[in-house]
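Engineer: Okay, handing you the structure first.
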Amino acid sequence: MTDQSENNTPRLTGSVNDPRMRRRYRAERRFHAYCISAVLVALAIIVTFFSDIIGQGYTAFWHHEVQVTLDYNERSERIGQFALDSDLRDVASRGATRSIPRAIDRNPDLLGTTETTWVPVKGDIDQHFKNDKALSDSLEEKVNRLLADGQIRNAFNSRFFTAGDSKLPELAGIFSAAVGTLYVLGITLLFAFPIGVMSAVYLEEFAPDNKLTQTIEVNINNLAAVPSIIFGLLGLALFINFFGVPRSSALAGGLTLGLMTLPIIIISTRAALRAVPDPIRLGAFAMGCSRWQVVRDHVLPASLPGILTGTIIGLAQAMGETAPLIIIGMIAYIPEAPTGIFQSATVLPAQIFTWASEPESAYVEKTAAGIMVLLAVLLTLNAAAVLLRRKFERRW
Amino acid sequence: MYSDAATQTTATTESETTMQADNEPEMSRQNHAPEPDVKVRAENVRLWYGQTQALHNVNLDIHARKVTALIGPSGCGKSSFLRCINRMNDLIPSVHIEGRITLEDEDIYDPSVDVVQLRSHVGMVFQKPNPFPKSIYENIAYAPRLHGTVNSRRDLDELVENSLKRAGLWREVADRLHTPGTELSGGQQQRLCIARAIAVNPEVILMDEPASALDPLATATIEELIDELKDRYTIVIVTHNLQQAARVANYTAFFHMGEIIEFNDTDTLFTNPREQKTEDYITGRYG
Ligand SMILES: Nc1ncnc2c1ncn2[C@@H]1O[C@H](COP(=O)(O)OP(=O)(O)OP(=O)(O)O)[C@@H](O)[C@H]1O
Ligand SMILES: [Mg+2]
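Quick look at the structure:
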């Protein structure tokens with residue numbers, strides 16, 4: 001203390017003038033700035049991505065419709081187009097009248113009646129309103145007049161959610177892909193969850209710790225790092241070529257994605273099991289439980305939230321996967337939603353991929369809208385996983 | 001407290017001869033009133049973890065309805081020995097055990113013995129309270145249900161209540177039996193674990209430092225509890241707290257480097273130890 005007062009420097013504030021201290025503080029501030037700018041760059045990328053997608057995609061949830069009077073007569077029974085007023089045949093989508101012959105066929109009472117309804121306009125006309133796509137002068141004049149008369153309106157595009165893929169962009173929707181995704185993920189879950197959880201339980205709770213189990217463990221960890229396209233090749237060789245599962249069916253896709261999800265479920269289940277403290281096991285053993293009873297009554301219930309979290313994350317990952325499905329032929333034009341696991345199906349990311357490779361500009365907004373839907377589902381799944389983990393995290 | 005506890009030397013063949021005639025505990029109490037009956041007997045128990053030997057020739061008689069304390073420096077094998085009595089060591093793959101341990105003359109390491117049954121006769125309480133992550137009720141009801149000892153819901157309710165009462169926890173938790181056992185305080189959790197052990201009506205309760213994770217007040221409660229429980233149960237307790245051993249135990253065994261150096265009734269062992277090592281330990285010269 002006397003030393004200090006002799007030096008005459010304040011004991012707590014003197015370092016401000018010490019060059020070494022100043023350098024230290026400068027380095028500290030610089031590092032701080034680097035970190036903040038890294039965060040800002042990441043944020044900027046995310047914001048750009050989302051605003052770009054949303055900016056391109058939100059228009060797909062709206063489309064233009066034209067009011068038409070459908071005339072069910074002998075001519076339209078053969079060719080649907082004849083149900084339309086001849087003036088509107090180049091405005092209304094061809095898809096709107098395509099089903100008329102079948103409708104009359106099914107319900108002959110329709111013959112001789114008329115029906116006033118709103119149908120989608122042709123994709124080019126929709127794009128004209130949305131993106132100023134060039135039309136022939138006469139057509140442009142006509143649609144502008146119809147719009148002014150209120151015979152063309154901008155309405156919510158429910159078709160996007162209820163229709164399958166179509167070669168006519170104004171009719172295309174995500175329904176068949178969404179149903180396909182449900183089928184595929186259902187099979188993935190049924191396949192990967194029991195096998196994954198049981199393997200993990202065996203490895204973690206029953207297996208002796210020897211060379212063999214260690215090798216298996218290392219290989220499972222490696223499996224999680226294998227590029228997904230390789231699982232596609234495995235699925236092709238194993239399920240389609242060897243077991244004869246129909247190509248591009250939901251079953252083939254689900255099993256293939258199941259192979260991919262399996263290591264994720266095994267790894268996260270093992271982590272969840274390991275997080276259950278040993279004293280709980282010992283307590284149960286000391287009560288006279290067999291190993292299986294310990295696992296069933298104590299370890300599994302305690303680790304279930306962790307297992308489910310891992311499973312949801314694994315499924316979310318599988319849901320966004322395209323590459324392995326390309327290999328097994330699930331990138332196909334599937335206008336109808338599958339009604340069974342052996343039928344050809346497609347999934348959301350594959351549908352997005354298909355639309356992204358279409359040349360017509362009308363598919364650009366479909367692509368972006370599909371991405372928005374996919375992202376919304378994935379974010380919801382991930383949020384569910386996070387909530388689950390938060391809510392049930394470590395109760396001991 | 002120790003009035004009926006005859007001075008007992010380290011359990012060896014001499015004491016074996018005295019006991020041989022009395023297969024029936026009831027008989028032995030009638031015929032040799034001052035001679036306490038042996039519940040668990042360890043003979044020449046040797047235990048290895050892989051290549052390292054942790055127990056060398058342990059011989060010990062544990063008397064029925066008495067508290068036996070195991071004391072000794074850290075790593076001397078107290079827990080290892082305790083775990084032999086309910087065969088918890090079976091769970092450690094590298095363990096190898098030789099010698100004989102009997103529970104009322106039945107060799108517990110006999111191949112025909114069912115460990116599930118053994119453990120329902122020999123309960124265990126651990127150092128850190130480890131209630132199951134379930135409700136208080138479920139913690140206690142679990143094992144009786146598992147062993148199928150209770151049939152009706154009413155019997156189960158009664159058993160839960162009685163176990164909690166005997167563990168001195170009933171008044172504190174009666175109105176929240178269905179809240180998680182893990183939400184109790186440490187001391188309450190430990191009494192819940194004792195109640196859980198009692199619920200299967202064991203004969204022997206093994207306790208490995210049951211109060212070492214608790215504050216002095218909770219420790220005192222546990223000690224009182226042990227004192228009450230010994231009327232019904234045979235209790236073996238490992239403790240580092242010599243005062244605790246002196247307070248609760250009828251008999252004390254001093255372990256050192258995997259051997260029992262001295263075994264005697266607690267008063268004698270603490271006031272008049274035979275061995276120099278024992279004296280060094282209890283006077284705090286090492287350990
Ligand atoms: N699971 C195990 N695997 C290998 N060695 C072990 C294991 N458990 C105990 N040991 C060893 O056996 C010896 C006796 O350990 P034990 O736990 O029985 O001692 P302790 O008397 O209970 O000690 P403490 O008072 O610290 O609890 C020690 O040397 C210990 O390192
Ligand atoms: Mg110990």
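Chain order of the listed sequences is A and B. First residue of the first sequence: 1, per the UniProt record's numbering; consecutive thereafter. First residue of the second sequence: 1, per the UniProt record's numbering; consecutive thereafter. We treat Cβ as the ideally placed atom computed from N, Cα and C, and that holds for glycine.
Find out if the Cβ-Cβ distance for the pair B:H96, B:S120 is shorter than 7 Å.
Structural biologist: No. Outside cutoff.
Engineer: My understanding is that B:C76 touches B:V45, with C-beta atoms under 8 Å, so please give their C-beta distance in whole angstroms.
Structural biologist: B:C76 to B:V45, Cβ: 14 Å. No contact.
Engineer: By a C-beta neighbour count over all protein chains shown, 10 Å radius and 16 as the cutoff for buried, is B:T271 buried or exposed?
Structural biologist: Exposed.
Engineer: By Cβ distance, which residues of its chain are closer than 6 Å to B:M27, with the 5 residues on each side in sequence left out?
Structural biologist: At B:M27, the pLDDT of 41 sits below 50, so the modelled position is not reliable; the number obtained from the coordinates is stated separately. Cβ within range, chain order: n/a, list empty.
Engineer: Is there a Cβ of chain A sitting closer than 7 Å to that of B:A143, yes or no?
Structural biologist: Judged by the 7 Å Cβ criterion, B:A143 is in contact with chain A.
Engineer: My output table needs one value for B:M207: the three-state DSSP class, helix, strand or coil.
Structural biologist: Of the three classes helix, strand and coil, the one that applies to B:M207 here is strand, per DSSP.
Engineer: Please name the residue, chosen from B:D110, B:S74, B:L164, that lies closest to B:N241 on a Cα-to-Cα basis.
Structural biologist: If we check each option's Cα against that of B:N241, B:S74 comes out closest.
Engineer: Looking at the secondary structure, which residues open and close the alpha helix (DSSP H) in which B:V116 lies?
Structural biologist: Per DSSP, B:V116 belongs to the alpha helix (DSSP H) from 115-121.
Engineer: For the alpha helix (DSSP H) holding B:Y281, just list the boundary residues, first then last.
Structural biologist: Element bounds for B:Y281: 276-282.
Engineer: Going by the C-beta, is B:I71 closer than 6 Å to any heavy atom of ligand 3?
Structural biologist: Judged by which ligands are present, ligand 3 is missing from the structure shown, whose ligands are ligand 1 and ligand 2.
Engineer: Does DSSP put A:E65 in a helix, a strand or coil?
Structural biologist: Three-state DSSP puts A:E65 in a strand.
Engineer: How would you label A:D165, buried or exposed, when you count the other beta carbons within 10 angstroms and need 16 or more for buried?
Structural biologist: Its Cβ being crowded by 16 or more others within 10 Å, A:D165 is buried.
Engineer: How many angstroms separate the CA atom of B:I101 from the CA atom of B:V40?
Structural biologist: Roughly 7 Å separates the two Cα atoms.
Engineer: Please list, in chain order, all residues of the same chain as A:K133 whose beta carbon is under 7 Å from its beta carbon, the five residues on each side excluded.
Structural biologist: If we look at A:K133 and ignore the five residues flanking it on each side, its Cβ neighbours are D124, Q127, S361.
Engineer: Report yes or no: is there a C-beta of chain B within less than 7 Å of the C-beta of A:I280?
Structural biologist: It does; some Cβ of chain B falls within 7 Å.
Engineer: When DSSP labels each residue in this structure, what does A:D87 get in the three-state scheme?
Structural biologist: Helix, per DSSP.
Engineer: CB-CB under 6 Å to B:K78, same chain, minus the five flanking residues each way: which ones, in chain order?
Structural biologist: For B:K78, where only same-chain residues beyond five positions count, the Cβ hits under 6 Å are L70, G72, V238, F255.
Engineer: Chain B beta carbons: is any one of them nearer than 7 Å to that of A:G370?
Structural biologist: So, not an interface residue.
Engineer: Nearest chain A C-beta to B:M124 closer than 7 Å, yes or no?
Structural biologist: Answer yes: the Cβ-Cβ gap between B:M124 and chain A drops below 7 Å somewhere.
Engineer: May I ask you to verify whether the stretch 147-155 of chain A touches the stretch 299-311 of chain A, counting CB pairs closer than 8 Å and requiring at least 3?
Structural biologist: Counting Cβ pairs under 8 Å, fewer than three are found: no touch.
Engineer: Please output, in chain order, the residues near ligand 1 using a CB cut-off of less than 5 Å to any non-hydrogen atom of the ligand.
Structural biologist: Taken from the N-terminal end onward, the list reads B:Y49, B:A54, B:S74, B:G75, B:C76, B:G77, B:K78, B:S79, B:S80, B:I92.
Engineer: Using the C-alpha atoms, what's the distance from A:L234 back to A:Q317?
Structural biologist: Approximately 18 Å between the Cα atoms of the pair.
Engineer: In this structure, does DSSP put B:F126 in helix, strand or coil?
Structural biologist: It is coil, neither helix nor strand.
Engineer: So, helix, strand or coil for A:P120, using DSSP?
Structural biologist: Residue state, collapsed to three classes: strand.
Engineer: List the residues of chain B whose Cβ lies closer than 7 Å to the Cβ of A:P208, in chain order.
Structural biologist: Near A:P208 (Cβ distances below 7 Å), the residues of chain B are P93.
Engineer: Cα separation between B:S163 and B:N59?
Structural biologist: Using only the alpha carbons, I get a separation of about 33 Å.
Engineer: Under a CB-based cut-off of 7 Å, is B:N23 close to chain A?
Structural biologist: Here B:N23 scores only 43 on pLDDT, less than 50, and its place in the model should not be relied on; the value that follows carries that caveat. With 7 Å as the cut-off, B:N23 does not count as an interface residue toward chain A.
Engineer: At least one CB of chain A closer than 7 Å to the CB of B:K78: is that the case?
Structural biologist: No, B:K78 does not count as interfacial toward chain A.
Engineer: Return the Cβ separation of B:P131 and B:Q189 in integer angstroms, given the expectation that the two are a contact with Cβ distance under 8 Å.
Structural biologist: About 5 Å separates the two Cβ atoms, so the contact holds.
Engineer: Have a look at B:Q30 and B:N201 and give me their C-alpha separation to the nearest angstrom.
Structural biologist: Note that B:Q30 scores 43 on pLDDT, short of 50, meaning its location in the model is unreliable and no value can be drawn from it.
Engineer: Grab me the residues of A:L12's own chain with a C-beta within less than 6 Å of its C-beta, minus the 5 sequence neighbours each way, in chain order.
Structural biologist: For A:L12, where only same-chain residues beyond five positions count, there are no Cβ hits under 6 Å.
Engineer: Can you look up B:S15 in the DSSP assignment and give me helix, strand or coil?
Structural biologist: Because the pLDDT at B:S15 is just 40, under 50, the model does not fix this residue reliably, and the value given afterwards should be weighed accordingly. Three-state result, B:S15: helix.
Engineer: Check distances from the C-beta atoms of the stretch 267-292 of chain A to those of chain B and list, in chain order, the residues that come in under 8 Å.
Structural biologist: If the cut-off is 8 Å between Cβ atoms, the stretch 267-292 of chain A has P277, P279, I280, L282, G283, A284, F285, A286, M287, G288, C289, S290 near chain B.
Engineer: What is the rounded straight-line gap between the Cα of B:Q251 and the Cα of B:A197?
Structural biologist: First, the amino acid is wrong: residue 251 of chain B is Tyr here, not Gln. If you take the alpha carbons of B:Y251 and B:A197, they lie about 22 Å apart.
Engineer: Taking Cβ positions only, does A:L308 come closer than 7 Å to chain B?
Structural biologist: By this cut-off, A:L308 is not an interface position.
Engineer: If I follow the unbroken alpha helix (DSSP H) through A:N221, where does it start and stop?
Structural biologist: Taken as a continuous stretch (DSSP letters only), the alpha helix (DSSP H) holding A:N221 covers 211-223.
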